[in-house]
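Chemist:
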Amino acid sequence: MPIPQALANFNIADAAVSVWLFRKSGLSDAPVFTGRWVPTDDALRGALRESINQARAEIQEAEPYGLLATIEDGQALTIGTDETHAGLIVDAAAAELPQKRAQSVGHMQNTDFYVIKLIHQNQVLHAVTKTNSSWKSRQTHNLLTVYFTGDQLGLETDPTFSLSRGVDFFIVGMDIVILDKSDFESILNYKQAHASEFADLQAEAAFAGLFVDLEPLVAFVGSNKLHLRRACAIRQKGYYLSQQFMQRLRQNHAQAGLNLTFDGNGRLIATEAQCPDIIRAFLDHRLLSVFSESYYDVQNATAIP
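FYI, in our numbering the residues of the sequence shown are 6 to 310.
#1: By a C-beta neighbour count over all protein chains shown, 10 Å radius and 16 as the cutoff for buried, is N194 buried or exposed?
#2: Report the option in G31, N257, E55 whose CA atom is closest to the CA atom of A4.
#3: Counting C-beta neighbours from all protein chains within 10 Å, is the total for T154 16 or more, i.e. buried, or is it exposed?
#4: Measuring only the C-alpha atoms, how far is F166 from A48?
#5: Going by CA-CA distance only, name the one from T83, I283, Q10 that's closest to D173.
#6: On the premise that G79 lies in contact with R180, defined as a C-beta separation below 8 Å, what is that separation, rounded to the nearest angstrom?
#7: Assign F212 to one of three DSSP states: helix, strand, or coil.
#8: For the candidate residues N270, Q260, D289, whose alpha-carbon lies nearest to that of Y245?
#9: Taking Cβ positions, are F216 and R285 nearer each other than 7 Å?
#10: Rounded to whole angstroms, what is the Cα-Cα separation between D188 and Y300?
#11: With DSSP run on the structure shown, which of helix, strand or coil describes E66?
#12: Given a threshold of 16 other Cβ atoms within 10 Å of its Cβ, counted over all protein chains shown, does I192 qualify as buried or as exposed?
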């Protein structure tokens, strides 16, 4: 599917540009974003427009965000702003007020991400990117910054920072267009949301009741980002709630090559070694090809009507 029209039609070339630097705090589900804007010169604003335009041009197609979805070259994922904390970024960068201007290097160092805000005819586009090591004071403390001119090196005494030519995700209208899933989830605390979702799954009697002991699965998932995504996808898909699905799983798991063990009451006996196949089974990711009659593991599955 194409990218949202609000992004496709946005006039980047004629847009006003401002740069906002953000620190993120708070370990709860809802992060706290503290932003400061920094004045820029014409040359930088022009370069930023070109980079953002190029990042947009490289998107050939977009698919809805999914917990297990991946992004290949030329692809992006989309999700509504109302499903994320992106509105907090938009609100924090709403106006370049004097009290929000960066006044010192200390206001710029150790920022977590930056936002290139573009405005054209009351339309606003935010391009969000995670900062690199040049913004970390510990990374630059023991380094000498030099520049090359003519045929020799010179000492650069002014602080220097680097901005990526890429974009992690766009915020435009009611849509987010994601180019880097990992950074998107990191900036907007999606990993924390996954952890909360997994805790809710554990608390579901319908899920916990399928196991003799749930703790081996909880320990296996731990804080691993990929495992948490998969656990959340299990709840999202909800196959475990179907008695027919669970009965077929008990009957056919061995034929499908899944390493699962059930007790006399049909409950799963979870072990560390069997947890990958337990997750695979609940995601319905062990699929049979009707052509080769072979079973395959898939990273993501879309049902065909």
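No residue lacks a Cβ here, since even glycine has one placed at the ideal position from N, Cα and C.
Modeler: So, to answer that:
#1: Counting from 1 along the sequence shown, the entry for residue 194 is found at position 189. By the 10 Å Cβ count, N194 comes out buried.
#2: Residue 4 is absent from the structure shown; the chain starts at 6 and stops at 310.
#3: As a position in the sequence shown, residue 154 is number 149, starting the count at 1. Looking at its Cβ environment, which holds fewer than 16 other Cβ atoms inside 10 Å, T154 is exposed.
#4: Taking the sequence shown and counting its residues from 1, the one referred to as residue 166 is at position 161. Taking the sequence shown and counting its residues from 1, the one referred to as residue 48 is at position 43. So the alpha carbons of these two residues sit roughly 15 Å apart.
#5: Within the sequence shown, numbered from 1, the residue matching residue 173 stands at position 168. For D173, the nearest C-alpha among the options comes from T83.
#6: Counted from its first residue, the sequence shown places residue 180 at position 175. Counted from its first residue, the sequence shown places residue 79 at position 74. Note that residue 180 is Asp in the sequence shown here, rather than Arg. Actually they are not in contact, since the Cβ atoms of D180 and G79 sit about 18 Å apart, beyond 8 Å.
#7: Residue mapping note: residue 212 aligns to position 207 of the sequence shown, counting from 1. The answer is helix: DSSP assigns F212 an H, G or I state.
#8: As a position in the sequence shown, residue 245 is number 240, starting the count at 1. Answer by Cα proximity: D289.
#9: Counting from 1 along the sequence shown, the entry for residue 216 is found at position 211. Counting from 1 along the sequence shown, the entry for residue 285 is found at position 280. No, Cβ-Cβ distance for F216 and R285 is not below 7 Å.
#10: Taking the first residue of the sequence shown as 1, we reach residue 188 at position 183. Taking the first residue of the sequence shown as 1, we reach residue 300 at position 295. Cα to Cα, the separation comes out at about 33 Å.
#11: Numbered from its first residue, the sequence shown carries residue 66 at position 61. Looking at E66 - three-state DSSP - the assignment turns out to be strand.
#12: Here the question's residue 192 lines up with position 187 in the sequence shown. Its Cβ being crowded by 16 or more others within 10 Å, I192 is buried.
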